[in-house]
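First residue of the sequence shown: 1, per the working numbering; consecutive thereafter.
One structure is given here, and the rest of the page talks about it.
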Amino acid sequence: MKHAINTSLLPTLAGASAIFLLAGVIHINHAAAQSADWPAYNAETLQEDILPRYQHFASEASELADAGTALCQKPDVQSLEQTRAAFRSTLNAWQGISHIQFGPVTYLMRNYSIEFWPDRKSIGRKQLRATLELPADTAFDDEFFHQASVSIKGLPALEQLLYGPDALSRLQQETTYCRLTQAISGNIADMANGIYQDWQKNGEQLLAASSDGGEDETSSADIPAISTDLMKSLVEPIELIRDTKLLAVMGKGPDATYPHRAENWMSEQSLASIRANLDAAHDMFTGSTAGLAQLLRQRGEPDMAKAIEQQFQLIDDHLEPLGDSLTAALDNHYEALKSITDSLKVLDVLLNKAVQSLDIQLGFNSRDGD
Numbered sequence: 001m002k003h004a005i006n007t008s009l010l011p012t013l014a015g016a017s018a019i020f021l022l023a024g025v026i027h028i029n030h031a032a033a034q035s036a037d038w039p040a041y042n043a044e045t046l047q048e049d050i051l052p053r054y055q056h057f058a059s060e061a062s063e064l065a066d067a068g069t070a071l072c073q074k075p076d077v078q079s080l081e082q083t084r085a086a087f088r089s090t091l092n093a094w095q096g097i098s099h100i101q102f103g104p105v106t107y108l109m110r111n112y113s114i115e116f117w118p119d120r121k122s123i124g125r126k127q128l129r130a131t132l133e134l135p136a137d138t139a140f141d142d143e144f145f146h147q148a149s150v151s152i153k154g155l156p157a158l159e160q161l162l163y164g165p166d167a168l169s170r171l172q173q174e175t176t177y178c179r180l181t182q183a184i185s186g187n188i189a190d191m192a193n194g195i196y197q198d199w200q201k202n203g204e205q206l207l208a209a210s211s212d213g214g215e216d217e218t219s220s221a222d223i224p225a226i227s228t229d230l231m232k233s234l235v236e237p238i239e240l241i242r243d244t245k246l247l248a249v250m251g252k253g254p255d256a257t258y259p260h261r262a263e264n265w266m267s268e269q270s271l272a273s274i275r276a277n278l279d280a281a282h283d284m285f286t287g288s289t290a291g292l293a294q295l296l297r298q299r300g301e302p303d304m305a306k307a308i309e310q311q312f313q314l315i316d317d318h319l320e321p322l323g324d325s326l327t328a329a330l331d332n333h334y335e336a337l338k339s340i341t342d343s344l345k346v347l348d349v350l351l352n353k354a355v356q357s358l359d360i361q362l363g364f365n366s367r368d369g370d
């Protein structure tokens, strides 16, 4: 017998009780994959999500590179603030597309080079310190970045340079410090533009090459491999947000937190980054005519689609008042953060049930932070 979800309960569902209830009420139809229009889903996601978001990232990164150049030409308070603003915009654009962890972003490990995080052993901080001690005439050129650790090529290293407690004085007094700041800004722009250009040139080929489903053992033979990759890009980040971006920072209680574990804690953008992640996931779920929400409705699961939509909205409503800084929220809104992690767990369960209903098996989540 097929059961409907009582969506009126979802705003108050939390924790284990919610998961137990949802597991009982969601009915999975494993024949659904036969009716899913995967080519339409893939094409729409490419045109409406991947390409526009990479284009935005490349545009913001280009402005960051310009700001980094201007900063070294005139390192003062105003130019530093302008570069920090450009950094935040670029970071936000990256967080809006960082869920795509396949295709051109993986070429030359650009995904890790743009953001090496989490960095539990502080490799980036150590590598950055060593780099700043290099001879003053060291060329921070393409060859340097080709040989350098991924931990100093992208956003986390630049964040340390721009938001360190003595950033302005070092920019003014240390030639190497300023040149490296400018070079990393330019390197981020080069990577962002390269990824966008690669998707522009090869996006359609990537869709076509995976149309036979490839040899992905986690995907049914009639489901293109890229469809599974896209579903992973929607579902897996939810667990990452909950477990690594929030719970690992929240510790065992309000008096035992770990604020320096937070992503982007120096720029106080931790929660802003999470909102960008969730906005991107929400957009992927909704789509225009071929998103996951439409696929669920087409296979007779409107209640599931509605439940997921409500859960996205619930989390957004609870996140919005907390501002951009997770450090501040740890001090002032710990219980609200705890409630959000419970809601994220419910969303994770719902999304996993949804993709299972389309006969997609996601397999092991390699991005769970373990």
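From the three backbone atoms N, C-alpha and C, an ideal C-beta is built for every residue, glycine too.
Check	Outcome
Buried/exposed call for E320, threshold 16 Cβ in 10 Å	exposed
Same chain, Cβ closer than 6 Å to M266, neighbours up to 5 away in sequence not counted	E159, Y163
Proximity to Q82 [Cα-Cα], best of L64, W94, I97, G154	L64
Neighbourhood of M284 by C-beta distance below 6 Å, restricted to the same chain and skipping five residues each side	D49, L234
Boundaries (first-last residue) of the alpha helix (DSSP H) holding K306	302–319
Contained alpha helix (DSSP H) runs [length at least 4] in the stretch 157–227, N- to C-terminal order	167–173, 175–209
Euclidean distance between Cα positions of Y112 and Q356	29 Å
CB of Q311 within 8 Å of CB of V346, strictly	yes
Alpha-carbon spacing of K121 relative to P302, whole angstroms	45 Å
Between the CA atoms of A157 and R129 - distance to the nearest angstrom	10 Å
Assigned exposure category for Q172 - 16 Cβ within 10 Å defines buried	exposed
For H282 and E309, the rounded distance between their alpha carbons	8 Å
Burial state of V150, where buried means 16 or more other Cβ atoms lie within 10 Å	buried
At least 3 beta-carbon pairs within less than 8 Å: the stretch 88–95 vs the stretch 55–62	yes
Straight-line gap, N264 to D76 (C-alpha atoms, nearest Å)	23 Å
Contacting residues, own chain, Cβ-Cβ under 6 Å from S185 (five flanking each side not counted)	L64, A65, G68
Opening and closing residue of the alpha helix (DSSP H) in which M284 lies	270–286
Heavy atom of the ligand SAH within 7 Å of F57 beta-carbon	You won't find the ligand SAH in this model; it holds no ligand whatsoever.
Sequence-distant residues of the same chain with beta carbon closer than 8 Å to Y177, five excluded per side	L132, L161, R170, L171
Neighbourhood of S270 by C-beta, 8 Å cutoff - its chain only, sequence neighbours within 5 removed	K245, V249, A262, E263, N264, D324, S325, L326, T327
7 Å CB neighbourhood of L247 in its chain, flanking five on each side removed	T341
DSSP three-state assignment for A31, whether helix, strand or coil	In this prediction, A31 scores a pLDDT of 46, lower than 50, which makes its location untrustworthy; the coordinate-derived value is nonetheless stated afterwards. It is coil, neither helix nor strand.
Between the CA atoms of G96 and D279 - distance to the nearest angstrom	7 Å
Stretch pair the stretch 134–153 + the stretch 39–54: three plus CB contacts closer than 8 Å	no
Residue burial classification, M304 (beta-carbon count within 10 angstroms, cutoff 16)	buried
Exposure label - K74; buried when at least 16 CB within 10 Å	exposed
Integer-rounded CB distance, given that D317 should sit under 8 Å from R242	About 17 Å separates the two Cβ atoms, so there is no contact after all.
Residue from E335, L206, L330 with nearest C-alpha to F102	L206
C-alpha distance - A290 paired with T228, whole-angstrom precision	15 Å
Spatially closest choice to A276 from G203, D359, I315, by CA coordinates	I315
Three-state secondary structure assigned by DSSP to R120	coil
Continuous alpha helix (DSSP H) stretch holding D331: start and end	326–332
Bounding residues of the alpha helix (DSSP H) (the contiguous stretch that carries E38)	Reading off the sequence shown, one finds Trp at residue 38, where the question assumed Glu. Start and end: 38–45.
Proximity of L230 and A36 at Cβ, strictly below 8 Å	no
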